[in-house]
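Worksheet: the structure to be examined is printed underneath.
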Amino acid sequence: MLLLDITSWWNSLGGMQQVYWSFAVPFSLIFILQTLITFISGDGDASTGHADELVEGDDGMGFHFFTLKNMVAFFTIFGWVGLACIEGGLGNFITIFISVFAGLVMMFIMASIFYFMSKLAYSGTLKMKNALHQIGEVYLTIPSSRKGFGKIQITVQGSVHELDAMTDDEEDLKNGTLIKVIEIINNQILLVTKNTK
Numbered sequence: 191m192l193l194l195d196i197t198s199w200w201n202s203l204g205g206m207q208q209v210y211w212s213f214a215v216p217f218s219l220i221f222i223l224q225t226l227i228t229f230i231s232g233d234g235d236a237s238t239g240h241a242d243e244l245v246e247g248d249d250g251m252g253f254h255f256f257t258l259k260n261m262v263a264f265f266t267i268f269g270w271v272g273l274a275c276i277e278g279g280l281g282n283f284i285t286i287f288i289s290v291f292a293g294l295v296m297m298f299i300m301a302s303i304f305y306f307m308s309k310l311a312y313s314g315t316l317k318m319k320n321a322l323h324q325i326g327e328v329y330l331t332i333p334s335s336r337k338g339f340g341k342i343q344i345t346v347q348g349s350v351h352e353l354d355a356m357t358d359d360e361e362d363l364k365n366g367t368l369i370k371v372i373e374i375i376n377n378q379i380l381l382v383t384k385n386t387k
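Counting in the numbering used here, the sequence shown runs from 191 upward without gaps.
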């Protein structure tokens, strides 16, 4: 019965209303989910899904306007503002203009929030040289003989970091393998070997 009510309500809407509802509802749900995950996990990076570490000589995370989180925020606000404009009796052109503008403003606000959150979170600089000779664990498989990058989790300067790594070992270093940092390449990539001790 509820499905029939929803179907008849949907069919009673105009084309523009259907478009805006199609953006407003799903993107609102995604926005709420993203917000909950961000605050529960403490992940403030809006661009990649996980926070890249601030490395010595790097200027930080920077201001990222076009990210997944910001696009979700855009379509959420775009949808709801568009519906409000239609409900207010505005024409199609002005409705599109106002909803796009509101979405862009929301993207700017989100980018600003995550930019300033990243500045607070990364007030210190990770000095890569402090990772030298440290023991860590492979997080993403590291291909053998410098064939590619993997990731390790390692404690440096009192906190756990997820960093890019390569190896000269003849076998891939699988997830969970204990490693030792033996060199730092270009002050960005850790050269590691399997820890045998």
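For each residue, glycine too, the CB sits at the ideal point set by N, CA and C.
- Taking a C-beta distance under 8 Å as the contact criterion, glutamate 327 and glutamine 343 qualify as a contact pair.
- Nearest neighbour of glycine 366 by Cα position, chosen from Glu360, Lys341 and Thr345, turns out to be Lys341.
- Inter-residue distance for threonine 383 and valine 215 is about 49 Å (C-alpha atoms, whole angstroms).
- In this structure, DSSP gives glycine 340 an extended state, which the three-state scheme calls strand.
- The bridge partners DSSP lists for methionine 356 are Leu381.
- Secondary structure at glutamate 327: strand, using DSSP grouped into helix, strand and coil.
- By the Cβ test, the region 262-276 is in contact with the region 289-299, since at least three Cβ pairs between them sit closer than 8 Å.
- Under DSSP, valine 371 forms a beta bridge with Val382.
- If you compare the alpha carbons of Glu360, Ile325, Ile222 and Ala301 with that of leucine 380, the shortest gap goes to Ile325.
- Collapsing the DSSP output to three states places threonine 225 in a helix.
- Around the beta carbon of asparagine 260, 16 or more other beta carbons sit within 10 angstroms, so the residue counts as buried.
- No residue range can be given for leucine 280, since it is assigned to no alpha helix (DSSP H) and is classified by DSSP as neither H nor E.
- As DSSP reads the structure, histidine 351 sits in a beta bridge with Ile344.
- Cβ contact annotation for threonine 345 (same chain, cutoff 8 Å, sequence separation greater than five): Gln324, Gly326 and His351, in chain order.
- If you draw a straight line from the Cα of serine 289 to the Cα of tryptophan 200, it comes to about 21 Å.
- The bridge partners DSSP lists for isoleucine 230 come to none.
- Taking the Cα of leucine 273 as reference, the smallest distance to any Cα among Lys370, Leu219, Trp211 and Ala355 is reached at Trp211.
- Listed in chain order, the non-local C-beta contacts of isoleucine 284 below 8 Å within the same chain comprise Cys275, local neighbours out to five positions each way being set aside.
- Around the Cβ of phenylalanine 217, a 10 Å sphere holds 16 or more other Cβ atoms; the residue is buried.
- With 16 or more other Cβ atoms from the protein chains shown falling within 10 Å of its own Cβ, leucine 363 counts as buried.
- The shortest CA-to-CA distance from methionine 206 to any of Met307, Ile230, Gly281 and Phe256 is the one to Gly281.
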